[in-house]
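Just so you know, we're using full-length UniProt numbering here: the sequence shown kicks off at 1 and counts up by one. A virtual CB, placed ideally from N, CA and C, is assigned to each residue, including glycine. Since this is a predicted model, take the numbers as computed values, not measurements. One structure is given below, encoded as structure tokens.
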Amino acid sequence: MNPMGKLSTHVLDTVHGVPAQGVALELYRLDGESRTLLTQTATNQDGRCDAPLLSGPALTRGVYELVFHAGDYFARKGVPLPEPRFVDQVVLRFGVANPDENYHVPLVVTPWTWSTYRGS
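Given below as structure tokens:
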């Protein structure tokens with residue numbers, strides 16, 4: 001069986017009401033105590049990545065982490081931030097149960113709060 005799903009993300013800056021361009025992020029696969037970096041990228045002008053983070057046979061059943069560098073993004077935008085930052089790196093740990101499906105993991109973020117949901 002050849003998995004045909006994909007993993008994607010989208011970052012929305014709700015302070016400014018815009019897609020968050022230039023947010024650095026990493027994707028890791030977790031296996032027990034092991035954490036393997038799969039990709040590093042940044043969001044484009046639409047707040048999305050130019051390509052899926054994983055697709056087809058690269059997307060397998062398991063546990064993953066997305067790390068978004070939100071604090072650095074807001075600092076570059078000139079938002080006054082406390083030190084230490086309240087929201088700095090946002091770490092989303094999630095599971096892929098069926099790699100044949102699409103997993104869209106968006107981040108809605110401000111310097112003080114964030115949320116996510118599973119899209120498709």
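- Query: For R29, which beta-bridge partners are listed by DSSP?
  - Reply: T36 and Y64
Inter-residue Cα distance where the pair is L30 and Y64: 6 Å
Next on the checklist: Suppose contacts are defined by Cβ-Cβ distances below 9 Å. Is V96 in contact with R61 by that definition?
Outcome noted: yes
Legend entry - CB of L66 within 9 Å of CB of F94, strictly: yes
### Task
Name the residue from L27, Q45 and T43 whose alpha carbon lies nearest to the alpha carbon of L37.
L27
| How many angstroms separate the CA atom of W112 from the CA atom of S55? | C-alpha of W112 to C-alpha of S55: approximately 32 Å in a straight line.
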